[in-house]
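Working notes for the structure below.
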Amino acid sequence: MPNVSDEMPAVATVASDAASLLAACVLFRALDEDTRRALALRAVRKRYAAGETVFAVGAPGHAMMAIARGTIRISYPTTRGRALVLADLGPGEMFGEVALLDGRERSATATAVTPCEVVVLERCHVVPVLRERPDVCLKLLDLLCARLRRSDERMADIAFSQLPVRLAKTILSRAGALERIDLSQSDIADMVGSARENVNRQLRAWQRRGIVDIGLGWIAIRRRADLVAIADAV
6 MPNVSDEMPA
16 VATVASDAAS
26 LLAACVLFRA
36 LDEDTRRALA
46 LRAVRKRYAA
56 GETVFAVGAP
66 GHAMMAIARG
76 TIRISYPTTR
86 GRALVLADLG
96 PGEMFGEVAL
106 LDGRERSATA
116 TAVTPCEVVV
126 LERCHVVPVL
136 RERPDVCLKL
146 LDLLCARLRR
156 SDERMADIAF
166 SQLPVRLAKT
176 ILSRAGALER
186 IDLSQSDIAD
196 MVGSARENVN
206 RQLRAWQRRG
216 IVDIGLGWIA
226 IRRRADLVAI
236 ADAV
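Take 6 as the starting number for the sequence shown in the working numbering and just add one per residue.
Below is the structure:
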């Protein structure tokens, strides 16, 4: 059985890693090193396998998480039994902050898309920092407002835009400067709020026109200008 002296270096390493991660997060970047380290000493690191639920909508919300490794998907279940994907978050990003702020239940579901490691910060440790640091509160408000704007834009697209427009926007957004995205058609359907069969039908129509190529779990952009024109259609 390990003694205390054996465990201390491991604890120090975990705290140091957590402090470095918090320094990389926009929210905690403004904090001085001592405050970040004090938070890090109270943080807990957790690992999740791909496909594992981190928390479900309606669950008690008493902590926020910073992603150290992997991709976390934030989604909301629909009445038709499907999940609407709200965001995919990567290393350095945070999630779970809404329930942490108001102490109520989770407003969405978080799932590990890939093997993930997160740093968990409990509400009882974060709220005192927010009370003492108005600059951190303002940064948190900025982050929340940015996410709310993105969610509003997505809801407006789903409500008022036709599938081709939504699909083109999603592909371009996910691809960025790259010419290929590695996502299943089921995942894309959840992102655009449609059935996989409809997404497949539209992608095959674009493939026949030479706009995209599609394969098992991937989409390649061949004529970006045409895809941009579709995304900009009113």
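The beta carbon of each residue, even a glycine, is placed where N, CA and C say it ideally should be.
Assuming the contact rule is C-beta atoms closer than 8 angstroms, residue i and residue j should be a hit. Round their C-beta distance to whole Å, please.
{"i": "valine 141", "j": "arginine 171", "result": "Valine 141 to arginine 171, Cβ: 35 angstroms. No contact."}
{"i": "glycine 108", "j": "arginine 138", "result": "Wrong, their Cβ atoms sit about 19 angstroms apart, outside the cutoff."}
{"i": "serine 89", "j": "aspartate 195", "result": "Reading off the sequence, residue 89 comes out as leucine, not serine. 6 angstroms between Cβ atoms; contact."}
{"i": "leucine 91", "j": "serine 156", "result": "6 angstroms"}
{"i": "glycine 97", "j": "cysteine 30", "result": "6 angstroms"}
Go ahead and pull the three-state DSSP assignment for residue i.
{"i": "serine 10", "result": "With a pLDDT of only 43 at serine 10, under 50, the local geometry of the prediction cannot be trusted, and no value is derived from it."}
{"i": "leucine 94", "result": "strand"}
{"i": "isoleucine 79", "result": "strand"}
{"i": "glutamate 2", "result": "One cannot answer for residue 2 here, as it falls past the ends of the chain, which runs 6 to 239."}
{"i": "valine 16", "result": "Here the model assigns valine 16 a pLDDT of 46, short of 50, so the residue's position is not dependable and the matter cannot be decided."}
{"i": "leucine 89", "result": "strand"}
{"i": "glutamate 127", "result": "strand"}
{"i": "arginine 34", "result": "coil"}
{"i": "leucine 115", "result": "Before going further, note that residue 115 is alanine rather than leucine in the sequence given. Three-state result, alanine 115: strand."}
{"i": "proline 120", "result": "coil"}
{"i": "alanine 180", "result": "helix"}
{"i": "aspartate 195", "result": "helix"}
{"i": "alanine 73", "result": "strand"}
{"i": "arginine 202", "result": "In the sequence as presented, arginine is not what sits at residue 202; that position holds glutamate. Three-state result, glutamate 202: helix."}
{"i": "arginine 185", "result": "strand"}
{"i": "valine 132", "result": "helix"}
{"i": "valine 233", "result": "helix"}
{"i": "glutamate 110", "result": "strand"}
Based on Cα-Cα distance, which residue from the options lies nearest to residue i?
{"i": "arginine 74", "options": "Glu57, Leu44, Leu32 and Val124", "result": "Val124"}
{"i": "arginine 214", "options": "Arg201, Arg229, Ala200 and Phe100", "result": "Arg229"}
{"i": "threonine 76", "options": "Ala23, Ile176 and Thr119", "result": "Thr119"}
{"i": "arginine 47", "options": "Arg34, Ala55, Met70 and Cys30", "result": "Met70"}
{"i": "isoleucine 72", "options": "Ala64, Cys121 and Val134", "result": "Cys121"}
{"i": "aspartate 162", "options": "Leu221, Asp237, Gly97 and Ala45", "result": "Asp237"}
{"i": "isoleucine 176", "options": "Ala117, His130, Ala225 and Leu135", "result": "Ala225"}
{"i": "valine 132", "options": "Ala45, Ser80 and Leu106", "result": "Leu106"}
{"i": "valine 49", "options": "Leu168, Leu126 and Ala55", "result": "Leu126"}
{"i": "isoleucine 79", "options": "Arg85, Arg87 and Leu94", "result": "Leu94"}
{"i": "valine 134", "options": "Asp39, Pro82, Tyr53 and Ile235", "result": "Asp39"}
Are the CB atoms of residue j and residue i within a distance shorter than 9 angstroms?
{"i": "leucine 148", "j": "glutamate 102", "result": "yes"}
{"i": "glycine 66", "j": "alanine 28", "result": "no"}
{"i": "leucine 145", "j": "leucine 26", "result": "no"}
{"i": "isoleucine 216", "j": "leucine 232", "result": "yes"}
{"i": "arginine 42", "j": "alanine 68", "result": "no"}
{"i": "asparagine 203", "j": "leucine 168", "result": "yes"}
Would you call the segment 59-73 in contact with the segment 113-131, where contact means no fewer than 3 C-beta pairs closer than 8 angstroms? By the Cβ criterion, the segment 59-73 is in contact with the segment 113-131, since at least three pairs of Cβ atoms, one from each stretch, lie closer than 8 angstroms.
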